[in-house]
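Note sheet for the following structure.
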Amino acid sequence: MIRFHALAVHTERIHDPRVWKRLRRILGALSRKGARATLFVYPFRAVVEGRSDLAFDRIRQAQADGHEIAQHTHFYKDQQIDKPNKVTDLSQENVVNCLRRDHQWLSRICLPRGFTSGGWAVPPALYPALAELGFEYDCSARPVGWKRLDHPHMLRLREPETRRFWQSELLIIPTTHGLKDAIFYFRTGDLAAGFRGLRYRLVYFHDYDLLRWEAYLAAWVLVHAGGAWRTCGELADALKGGGFA
Ligand SMILES: [Zn+2]
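Residue 285 is where the sequence shown ends in this note's numbering, and the numbering goes up by one at each step.
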């Protein structure tokens, strides 16, 4: 049996000096172990706060250190992206606009292969739009049985699956664990991928979670004891049968 550990950082506040200080330490610890993570970047908070250039430089630096840069988008209406005024708008028009806006920002760094949706929202417009933008994989689904959050646009899957849109294919890889679950269910909760005995876990946290000591500690424990972390892009390659890098 092959166990594959992929680490995803939903990166929204890299422009905040306190967040960057802690995130940089976690990424540095990964690098020293020869491991890598995927930064799913939601750039729009930095844009709204006028610190887009700072976010850009830090993401470039993480990329230069070998981490994968992918896209994370929340579908908030207008520029109201913080409590108490934020409103999620999952209409086709808003979903497509938000995706394109963040994709365009990220395309100055790379063309992202992977995506994870804010709030685990998978509205009908999402996957066709991702396919059109050239994405190869998506991590917005959660495993069957995961009950912590419930809304009509959640997608729960037993294992990864491929969906076809016109000429392109999108590989859907459920995100299996949050930080806390990854610590409490250290040996359980992996998903079987259905071929070649591959089992994987895909652990995520938000960059600003690291401001809480318990989350920062959990991330340290995982980096040092949780396995050989790889990027979600490497996991996608392994699932597609490309083998392990
Ligand atoms: Zn998010």
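The beta-carbon is built from N, C-alpha and C at its ideal position, and this holds for glycine as well.
L139 and A169 - do their beta-carbons sit closer together than 8 Å? yes
So, are the CB atoms of Q111 and I149 less than 8 Å apart? no
Beta carbon of Y82: closer than 7 Å to some heavy atom of ligand 1? yes
Name the DSSP beta bridge partners of A255, please? Per DSSP, none; premise fails for A255.
Hey, could you find the ends of the beta strand (DSSP E) L275 is sitting in? Per DSSP, L275 belongs to no beta strand (DSSP E); it is in the alpha helix (DSSP H), 272 to 279.
Use the C-beta contact count for G154: other C-beta atoms within 10 angstroms, 16 or more gives buried, fewer gives exposed. buried
Where do the ends of the beta strand (DSSP E) carrying Q111 lie? 108 to 113
Relative to the C-alpha of Y244, which residue among A259, A268, L231 is closest? A259
Got a list of residues with beta-carbon closer than 5 Å to any non-hydrogen atom of ligand 1, in chain order? H50, G158
Where does A285 land, buried or exposed, given buried means 16+ other C-beta within 10 angstroms? With a pLDDT of only 41 at A285, under 50, the local geometry of the prediction cannot be trusted, and the value read off the model is given with reservation. Under this definition A285 is an exposed residue.
For the alpha helix (DSSP H) containing H143, name the first residue and the last one. 132 to 146
Mind checking S157: buried by the 16 CB within 10 Å criterion, or exposed? buried
Counterpart residues of I212 in DSSP-defined beta bridges: D178, E201
In terms of residues, what are the limits of the beta strand (DSSP E) holding R72? Where R72 is concerned, there is no enclosing beta strand (DSSP E), although the alpha helix (DSSP H) it sits in stretches over 57 to 72.
Own chain, CB closer than 8 Å to G283, minus 5 neighbours either side, in chain order: A caution first: G283 carries a pLDDT of 49, below 50, which makes its placement in the model unreliable, though a value can still be read off. Here the set comprises D277.
According to DSSP, residues forming a beta bridge with G185: None, per the DSSP bridge assignment.
Can you check which of these residues, G90, T128, F44, is closest to T113 by C-alpha distance? T128
If you compare alpha carbons, which of G273, G281, P200 is closest to L151? G273
Residue span of the alpha helix (DSSP H) that contains L170, given as start and end: 166 to 173
Assumed close pair V49, L79 - CB separation to whole angstroms, cut-off 8 Å: 5 Å
Supposed close pair P83, L146 - CB separation, criterion 8 Å: 7 Å
Work out the CA separation of P200 and A222 for me, nearest whole Å. 19 Å
With DSSP as the reference, label G218 as helix, strand or coil. coil
Taking buried to mean at least 16 other C-beta atoms within 10 Å of its own C-beta, is R85 buried or exposed? buried
Proximity of R203 and Y248 at Cβ, strictly below 8 Å: no
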